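Student: Here this note's numbering is used: the sequence shown runs in plain steps of one and ends on residue 87. The C-beta atom is built at its ideal place from N, Cα and C for all residues, glycine as well. All figures in this text were calculated on a predicted structure; none of them were measured in a lab.
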Amino acid sequence: MIEDGAVSLESLVENCHKLLEKFHYSWEMMPLVLVILNYAGSDLEEASRKIDEGKMIINEYARKHNLNIFDGHELRNSTRQYGL
Numbered sequence: 004m005i006e007d008g009a010v011s012l013e014s015l016v017e018n019c020h021k022l023l024e025k026f027h028y029s030w031e032m033m034p035l036v037l038v039i040l041n042y043a044g045s046d047l048e049e050a051s052r053k054i055d056e057g058k059m060i061i062n063e064y065a066r067k068h069n070l071n072i073f074d075g076h077e078l079r080n081s082t083r084q085y086g087l
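(1) Who are the Cβ neighbours of M33 in its own chain at under 7 Å, not counting the five residues just before and after it?
(2) I'd like to know whether the C-beta atoms of I54 and I39 end up nearer to each other than 8 Å.
(3) Could you check where the alpha helix (DSSP H) with M32 kicks off and where it finishes?
(4) What are the boundary residues of the alpha helix (DSSP H) that includes N2?
(5) Between the alpha carbons of A43 and E31, how many angstroms are there, rounded?
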């Protein structure tokens, strides 16, 4: 039996799947999305806001520190010339 205010596991997993589809995340992201959704009380809108907020923070940090997720998180040398 589920206590008042508690969310069923089935509901969490279903809402997690919706978020994975919404953000085009792979199944490997499911544990992280499930934790975010759990902390949001299975509220899809709140979980979406938290995910968007996290993405904005990561993007701002990467921009400030000239990082690129595709180069191994190393600092890029803006004067580096490729092909030379």
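Tutor: Taking the coordinates as given:
(1) C19, L23
(2) yes
(3) Careful: M32 lies outside any alpha helix (DSSP H) and carries neither H nor E.
(4) Any answer about residue 2 is impossible in this case: the structure gives the chain only from 4 up to 87.
(5) 20 Å
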